[in-house]
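What follows is a short report on a single structure.
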Amino acid sequence: SKVNGSVKVEPGQQAGDVDTVNGSVTIGAGARVEDVETVNGSLKIEDKAVVGSAETVNGSITVGVEAEVQKGIEAVNGSMTLRQGAKVAGGLENVNGAMVLEGAQVDGGIETVNGDIRLATGTHLTGGIHVGKNNSKWNWGGEPRNPKITIEQGATVEGPLHFEREVDLYVAPGVTLPPVAGVQPQRYTLQ
Numbered sequence: 004s005k006v007n008g009s010v011k012v013e014p015g016q017q018a019g020d021v022d023t024v025n026g027s028v029t030i031g032a033g034a035r036v037e038d039v040e041t042v043n044g045s046l047k048i049e050d051k052a053v054v055g056s057a058e059t060v061n062g063s064i065t066v067g068v069e070a071e072v073q074k075g076i077e078a079v080n081g082s083m084t085l086r087q088g089a090k091v092a093g094g095l096e097n098v099n100g101a102m103v104l105e106g107a108q109v110d111g112g113i114e115t116v117n118g119d120i121r122l123a124t125g126t127h128l129t130g131g132i133h134v135g136k137n138n139s140k141w142n143w144g145g146e147p148r149n150p151k152i153t154i155e156q157g158a159t160v161e162g163p164l165h166f167e168r169e170v171d172l173y174v175a176p177g178v179t180l181p182p183v184a185g186v187q188p189q190r191y192t193l194q
């Protein structure tokens with residue numbers, strides 16, 4: 004644990020909770036740790052590492068190839084990238100920031116307010132997608148844009164799609180969509 008500065012768990016090592024306030028956290032390839040947390044900084048979980056949960060307020064989160072998160076991943080302002088074969092037993096949750104699943108498995112659904120979501124080929128999402136209402140009074144530069152949700156060919160989504168605001172939904176041919184609740188999305192076909 005630290006207050007200021009980055010923390011790194013070396014590849015193959017084991018540790019308990021890993022946290023810092025101002026700094027990034029890197030969990031080396033094949034390492035095993037409990038919960039990982041920072042306030043201002045990015046989290047990098049390298050290939051085949053296993054962590055309990057991952058959480059940041061301001062920073063991106065990257066989960067490497069075949070890495071595993073046993074609970075969920077949370078950010079407030081930060082993008083999330085899950086590489087091929089990554090597994091998350093819980094859900095993904097943020098307010099702002101893109102979520103890209105490059106053939107990953109997420110069992111607890113996805114929740115965002117303003118984030119774009121891309122489910123690439125080979126992704127398996129259980130628990131659906133929930134896009135919450137944007138209650139912010141802040142308006143940075145004009146009209147708020149719709150979150151863009153892209154579901155590529157060969158991606159599987161189980162569980163409802165629940166939209167509390169307008170979204171732009173891009174769906175590849177042949178993708179079976181679960182039921183949609185709330186605001187009906189603007190729907191586009193991926194070429």
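Residues in the sequence shown are numbered consecutively from 4, following my numbering. All C-beta atoms in this analysis are idealised placements derived from N, C-alpha and C, irrespective of residue type, glycine included. This one's a predicted model, so the numbers in the text were calculated from it and none came from an experiment.
Which term fits residue i, buried or exposed, when burial requires 16 or more other beta carbons within 10 angstroms of its beta carbon?
| i | result |
| --- | --- |
| residue 96 | buried |
| residue 117 | buried |
| residue 6 | exposed |
| residue 182 | exposed |
| residue 176 | exposed |
| residue 15 | exposed |
| residue 49 | buried |
| residue 4 | exposed |
How about residue i and residue j: are their beta carbons less than 8 angstroms apart?
| i | j | result |
| --- | --- | --- |
| residue 128 | residue 153 | no |
| residue 84 | residue 65 | yes |
| residue 75 | residue 91 | yes |
| residue 19 | residue 39 | no |
| residue 132 | residue 180 | no |
| residue 34 | residue 52 | yes |
| residue 149 | residue 174 | no |
| residue 28 | residue 44 | yes |
On the DSSP bridge list, what partners appear for residue i?
| i | result |
| --- | --- |
| residue 99 | 80 |
| residue 22 | 40 |
| residue 46 | 28, 64 |
| residue 193 | According to DSSP, residue 193 bridges with nothing at all. |
| residue 16 | None; residue 16 has no bridge partner. |
| residue 108 | 90, 127 |
| residue 54 | 72 |
Check the C-beta distance from residue i over to residue j and give it rounded, since I have them as a contact under 8 angstroms.
| i | j | result |
| --- | --- | --- |
| residue 135 | residue 94 | Not quite, the Cβ-Cβ distance comes to about 13 angstroms (not below 8 angstroms), so this is no contact. |
| residue 42 | residue 24 | 5 angstroms |
| residue 82 | residue 63 | 5 angstroms |
| residue 156 | residue 115 | Incorrect: roughly 23 angstroms between the Cβ atoms, too far for contact. |
| residue 126 | residue 107 | 6 angstroms |
| residue 12 | residue 31 | 6 angstroms |
| residue 86 | residue 71 | Residue 86 to residue 71, Cβ: 12 angstroms. No contact. |
| residue 167 | residue 185 | 5 angstroms |
| residue 121 | residue 103 | 5 angstroms |
Open item on the list: As an exercise, report each continuous beta strand (DSSP E) stretch of at least 3 residues that is fully enclosed by the region 115-189, in chain order.
Closed with: 120-122, 127-129, 132-134, 151-154, 159-161, 164-166, 171-174, 183-185
TODO: Please specify which runs of the beta strand (DSSP E), each continuous and at least 3 residues long, are wholly inside the region 56-85, giving them in chain order.
DONE: 56-61, 64-66, 76-80, 83-85
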